[in-house]
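Quick note on numbering: our numbering labels position 80 of the sequence shown as 95, and the sequence is numbered without any gaps.
Written below as structure tokens is the structure these notes are about.
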Amino acid sequence: MVHALSQLNPCYSLGMDDLRPPKLEVYRDESVARDYDQRWSGALGKKRDVRKAKAICQAFDALQTHYPEASLRSVLDIPCGTGRFSDLFDAYKCHTIGADLSIEMLQQAQAKHPQHDFICADIGRLPFADDAIDVGACIRMLHLVHSAELRIRFLKELNRVCKYGAIIDYRHSHTVRIFSRRMRFRLGMYKEDPQLPSPRQIQCELQQAGFKPLAKINVHFAPLLSDKLIFPVISNET
Ligand SMILES: C[S@@+](CC[C@H](N)C(=O)[O-])C[C@H]1O[C@@H](n2cnc3c(N)ncnc32)[C@H](O)[C@@H]1O
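Pasting the structure below:
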């Protein structure tokens, strides 16, 4: 089931304001959406992009290995943003649906990937039946959601619609960078307390959302320097 961009209903999640962390709201701004991809346009940014893409592919491979009998054919990329990873699953011959709450981000995505399907949807209330999609991918979102309860709620909803599992991008607090930020925050030298979960808390959140990780993939080659983790997860009822 695919909704064309022209049929999008921006009011889809009216009444769900509690599901909207302020840090995720900025992407509804046209200029933020237009400039979003620039952060990966320099040499360092490109490297980071390639590393993340590689980790996502590793996670997809882990899911495929776990289900040797099943062919994973559909992917829900939510939030897809400007479609940074929209064509990643083409190599696996998957039909990818990109979904996001921001029409502005979706317009960028559709302009870049006219051959792909994009819908406006809220990860807290997805317009899909149970098990309608083979695999979900939730990239670069959860670190912007500071409430553990809300993260779990989002993940539960993703679990509901995904038949075989998902690829989840998390950031954790046990790195030199986050430790130093926390120290600086306490000394009044950093603007906000980095509210990232510990690796142990992440495991608990995934479990509470009904997921079981198949692996923990460090996006960076030096794990102590990077807070970015990618988890291929399956339902913990399987
Ligand atoms: C940091 S961007 C990540 C986009 C993309 N996954 C990437 O890696 O570049 C976060 C995205 O989450 C979207 N978003 C915010 N709240 C959402 C919600 N409740 N449901 C779906 N998407 C949401 C924003 O519009 C934004 O495009």
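A virtual CB, placed ideally from N, CA and C, is assigned to each residue, including glycine.
Every value quoted in this text rests on a predicted model; they were computed, and no experiment measured them.
(request) State the Cα-Cα distance for the pair Q222 and T80, rounded to the nearest angstrom. (result) Translated into the one-based positions of the sequence shown, residue 222 becomes position 207. Translated into the one-based positions of the sequence shown, residue 80 becomes position 65. Cα to Cα, the separation comes out at about 21 Å.
(request) Name the two residues that bound the continuous beta strand (DSSP E) containing V41. (result) Translated into positions along the sequence shown, residue 41 becomes position 26. Careful: V41 lies outside any beta strand (DSSP E) and carries neither H nor E.
(request) Would you decide whether G203 is buried or exposed? Buried here means 16 or more other CB atoms lie within 10 Å of its CB. (result) Within the sequence shown, numbered from 1, the residue matching residue 203 stands at position 188. With fewer than 16 Cβ atoms within 10 Å of its Cβ, G203 is classed as exposed.
(request) Pull up the DSSP beta-bridge partners for K227, would you. (result) In the sequence shown, the residue the question calls residue 227 occupies position 212. I249.
(request) Could you give the DSSP three-state label for V150: helix, strand or coil? (result) Along the sequence shown, read from residue 1 onward, the residue named residue 150 stands at position 135. Here V150 sits in strand by DSSP.
(request) To the nearest angstrom, report how far apart C109 and H235 are at their CA atoms. (result) Reading the sequence shown from its first residue, position 94 is the one you call residue 109. Reading the sequence shown from its first residue, position 220 is the one you call residue 235. Cα-Cα distance, rounded: 26 Å.
(message) Given this structure, state the Cα-to-Cα distance separating L91 from E84, to the nearest angstrom.
(response) The sequence position of residue 91 within the sequence shown is 76, counting from 1. The sequence position of residue 84 within the sequence shown is 69, counting from 1. Cα to Cα, the separation comes out at about 21 Å.
(request) Name the one or two DSSP bridge partners that A181 has. (result) As a working mapping, residue 181 is identified with position 166 in the sequence shown. Bridge partners of A181: G151, V248.
(message) Using a Cβ-Cβ cutoff of less than 6 Å, which residues in the same chain neighbour R199 once the five nearest sequence positions on both sides are dropped?
(response) Stepping through the sequence shown from its first residue, residue 199 is reached at position 184. Correct list, in chain order: Y205.
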